[in-house]
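Q: Numbering (the numbering used here), first residue to last: 112 to 581. Positions of the beta carbon are idealized from the N, C-alpha and C atoms, including for glycine. These numbers come from a predicted model, not from an experiment.
(1) Apart from the five residues on each side of it in sequence, which residues of its chain come closer than 6 Å, Cβ to Cβ, to residue 270?
(2) In the DSSP assignment, the alpha helix (DSSP H) including residue 200 goes from what residue to what residue?
(3) Run the CB neighbour count on residue 244, radius 10 Å, all protein chains shown included, and call it buried at 16 or more, exposed below.
(4) Which class does residue 143 belong to by DSSP, given the choice of helix, strand or coil?
(5) Identify the residues that DSSP records as bridge partners of residue 395: which are they?
(6) If the criterion is Cβ atoms closer than 8 Å, does the pair residue 368 and residue 330 meet it?
(7) Would you identify the three-state DSSP class for residue 182, choosing helix, strand or coil?
(8) Looking only at DSSP bridge pairs, what is residue 333 linked to?
(9) Exposed or buried, residue 197, counting other C-beta atoms within 10 Å across all chains shown (16 or more means buried)?
(10) Would you list, in sequence order, the uninterrupted beta strand (DSSP E) runs of no fewer than 3 residues that lie entirely inside the stretch 245-315?
(11) With respect to the alpha helix (DSSP H) encompassing residue 375, which residues constitute its N-terminal and C-terminal limits?
(12) Please name the residue, chosen from 314, 405, 305, that lies closest to residue 349 on a Cα-to-Cα basis.
(13) Am I right that residue 257 and residue 264 are in contact with their C-beta atoms under 8 Å? What's the rounded C-beta distance?
(14) Can you list, in chain order, the residues of its chain with a C-beta nearer than 7 Å to that of residue 307? Leave out the 5 residues immediately preceding and following it.
(15) Hey, could you find the ends of the alpha helix (DSSP H) residue 207 is sitting in?
(16) Kindly give me the distance between the Cβ atoms of residue 194 and residue 276, rounded to whole angstroms, as I take these residues to be in contact under 8 Å.
(17) Checking the sheet assignment: what are the DSSP bridge partners for residue 171?
(18) Is DSSP giving residue 369 helix, strand or coil here?
(19) Answer yes or no: does any C-beta atom of chain C fall closer than 8 Å to that of residue 180?
(20) Is the CB-CB distance between residue 163 and residue 156 below 8 Å?
(21) Would you grab the beta carbon distance between residue 423 and residue 407 for me? Rounded to a whole angstrom, and I think it's under 8 Å.
(22) For my contact list, residue 147 and residue 188 are in at a C-beta cut-off of 8 Å; report their separation, rounded to the angstrom.
(23) According to DSSP, residue 189 sits in a beta bridge with which residue or residues?
(24) Of the choices 377, 341, 364, 444, whose alpha-carbon is the least far from that of residue 410?
(25) DSSP on residue 156, reduced to helix/strand/coil?
(26) Touching or not, the stretch 335-348 and the stretch 223-241, by the rule of three or more beta carbon pairs under 8 Å?
(27) Taking the C-alpha atoms as reference points, what is the distance between residue 379 and residue 425?
(28) Can you look up residue 402 in the DSSP assignment and give me helix, strand or coil?
(29) Which of the three DSSP states, helix, strand or coil, is assigned to residue 449?
(30) Relative to the C-alpha of residue 420, which candidate in 400, 481, 434, 435 has its C-alpha closest?
(31) If you count every other CB in all the chains shown that lies within 10 Å of the CB of residue 266, and 16 or more means buried, which is it?
(32) What is the DSSP secondary structure of residue 385, counted as helix, strand or coil?
(33) How about residue 394 and residue 362: are their beta carbons less than 8 Å apart?
(34) How would you label residue 292, buried or exposed, when you count the other beta carbons within 10 angstroms and need 16 or more for buried?
(35) Once DSSP output is grouped into helix, strand and coil, what is the label at residue 430?
Here it is as structure tokens:
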């Protein structure tokens, strides 16, 4: 299986254990053997020293391979310990170990170097796991005992030997601590040989591990073993704001990465003129506020003004030479700084929140409903009921009557006009069809009389337009 931080769920390349991602479940100080695929000219001349890691890379040591068995990376082996044996994991073998020994100043033929005993058996691994399970409980108990003795120290980690005969206590302390009484209590409490080892705050952060502000794992937890001093001058050379919160790491000290690019900044600053903090111009004394190392610009500000003026290095040198000759130039001749970022295109829409009234929307919706209702009314009137003939006037028009008015909404109903009934003796005229000129179809009237209650509708008498005689 793979470690939890691997997306594939398989074992990472180059690692025969459960992973090498630098997390708590993997080896934190993994080293890549870039000489593993090179052919060996003489097998007798190969390096017999093996690099072994303990406690998931928290501690590394070198052992001589006195056996005739070859070991590869990831193998679990049993090595010599203090009055017993210990179990570790093979990290490096071959010629790469010789380079590591030279880097750390360890002689390959050192007679005091401990030896590899054998490949770990099932009994060795089982005993190793049992003692590893005691470390967490022992750490909690050791902190409580140190607190009872009022010792100004912090227990960081406890590491048991595989056979359970020795325990190493890693602690942090600012001052010298007298822990002679503490060692006696630990020996009687845990029934082991006690070894006290002091570490710094950065070593503790490497043992605990974590994620830095850059989003990656801590350097001290993955590959950094040598810690160099870092001061605030490194931040000043890189034009960083002296903010203790941003410049400090999880250990509480200044971040080690402040030294990574310091040499590059120092080389770039050599091209900037010295003693150019003040420049004399006609508008007054220009004061230097910052240096843009990557653009080779120096920013100045004039008195009684908040505007910043970017000036090139060549112009600053020229102004300094003029000031040495007691010549005051008219202006700084600031350059225009253009941003490489693309201009933001403003959206085409306009924010009209609060400018549109809801009444106008309701009025338009009401008008739309009325138009739809008016379009549906002629269709309903044009289809007569079954068994009832459609009555039309003498010229193809539908006679109007009081019963021809359809029901309309209250808001749009027109006032009713009283229609006088027909005279007695008049019969309803039969419908007559007159052909329409042009051969077209006869136009349907808008309003049609529908007989109600089985009675034919009464027609309105023709209007007499002849003038009446007095």
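A: Put simply:
(1) On the chain shown, residue 270 is found 159 positions in, with the first residue counted as 1. These residues qualify, in order along the chain: 166, 279.
(2) Along the chain shown, one-based indexing puts residue 200 at 89. Premise fails: residue 200 lies in the beta strand (DSSP E), 195-203, not in any alpha helix (DSSP H).
(3) Within the chain shown, numbered from 1, the residue matching residue 244 stands at position 133. Residue 244 comes out exposed.
(4) Indexing the chain shown from 1 puts residue 143 at position 32. Three-state result, residue 143: coil.
(5) The residue given as residue 395 occupies position 284 in the chain shown. DSSP, once it has assigned bridges, lists 392 as partnering residue 395.
(6) Locating residue 368 in the chain shown gives position 257, where the first residue counts as 1. Locating residue 330 in the chain shown gives position 219, where the first residue counts as 1. Their beta carbons are under 8 Å apart, which means residue 368 touches residue 330 by this criterion.
(7) Taking the chain shown and counting its residues from 1, one reaches residue 182 at position 71. Coil.
(8) Taking the first residue of the chain shown as position 1, residue 333 is located at position 222. According to DSSP, residue 333 bridges with nothing at all.
(9) Position 86 of the chain shown, counting from 1, holds the residue named residue 197. The residue is buried, with at least 16 neighbouring Cβ atoms inside 10 Å.
(10) 265-271, 277-283, 304-309
(11) Counting from one through the chain shown, the residue named residue 375 turns up at place 264. Looking at the DSSP string, the run of the alpha helix (DSSP H) that includes residue 375 is 373-380.
(12) The count along the chain shown starts at 1 and reaches residue 349 at position 238. The candidate whose alpha carbon is nearest that of residue 349 is 405.
(13) Counting from one through the chain shown, the residue named residue 257 turns up at place 146. Counting from one through the chain shown, the residue named residue 264 turns up at place 153. With a Cβ gap of about 6 Å, residue 257 and residue 264 count as contacting.
(14) Along the chain shown, one-based indexing puts residue 307 at 196. Cβ within range, chain order: 280, 282, 290, 294.
(15) Within the chain shown, the letter at position 96 stands for residue 207. Where residue 207 is concerned, the enclosing alpha helix (DSSP H) stretches over 206-215.
(16) Stepping through the chain shown from its first residue, residue 194 is reached at position 83. Stepping through the chain shown from its first residue, residue 276 is reached at position 165. With a Cβ gap of about 6 Å, residue 194 and residue 276 count as contacting.
(17) Within the chain shown, the letter at position 60 stands for residue 171. Residue pairing from DSSP places residue 171 in a beta bridge opposite 164.
(18) Residue 369 sits at position 258 when you count from the first residue of the chain shown. Helix, per DSSP.
(19) Checking the listed chains, one finds no chain C in this structure; it contains a single protein chain.
(20) Along the chain shown, one-based indexing puts residue 163 at 52. Along the chain shown, one-based indexing puts residue 156 at 45. No, Cβ-Cβ distance for residue 163 and residue 156 is not below 8 Å.
(21) Translated into positions along the chain shown, residue 423 becomes position 312. Translated into positions along the chain shown, residue 407 becomes position 296. Between residue 407 and residue 423 the Cβ distance is about 7 Å, and since that is below 8 Å, they are a contact.
(22) The residue labelled residue 147 in the question sits at position 36 within the chain shown. The residue labelled residue 188 in the question sits at position 77 within the chain shown. Actually they do not touch by this definition, with Cβ atoms about 18 Å apart.
(23) In the chain shown, the residue the question calls residue 189 occupies position 78. Answer is 198, 229.
(24) Taking the chain shown and counting its residues from 1, the one referred to as residue 410 is at position 299. It is 444 whose Cα lies nearest to the Cα of residue 410.
(25) Along the chain shown, read from residue 1 onward, the residue named residue 156 stands at position 45. Of the three classes helix, strand and coil, the one that applies to residue 156 here is helix, per DSSP.
(26) no
(27) Your numbering for residue 379 matches position 268 in the chain shown. Your numbering for residue 425 matches position 314 in the chain shown. Their backbone Cα atoms lie some 15 Å apart in a straight line.
(28) Here residue 402 refers to the residue found at position 291 when the chain shown is read from its first residue. Residue 402 falls in the strand class under three-state DSSP.
(29) Working through the chain shown from its first residue, we reach residue 449 at position 338. Looking at residue 449 - three-state DSSP - the assignment turns out to be coil, as it is neither helix nor strand.
(30) Taking the chain shown and counting its residues from 1, the one referred to as residue 420 is at position 309. Selected option, being the one with the closest Cα: 400.
(31) To locate residue 266, count along the chain shown from 1; it is residue 155. Around the beta carbon of residue 266, 16 or more other beta carbons sit within 10 angstroms, so the residue counts as buried.
(32) Position 274 of the chain shown, counted from the first residue, corresponds to residue 385. Coil, per DSSP.
(33) Your numbering for residue 394 matches position 283 in the chain shown. Your numbering for residue 362 matches position 251 in the chain shown. Taking 8 Å as the Cβ cut-off, residue 394 and residue 362 do not qualify as a contacting pair.
(34) On the chain shown, residue 292 is found 181 positions in, with the first residue counted as 1. Label assigned to residue 292: exposed.
(35) Position 319 of the chain shown holds residue 430. Residue state, collapsed to three classes: helix.
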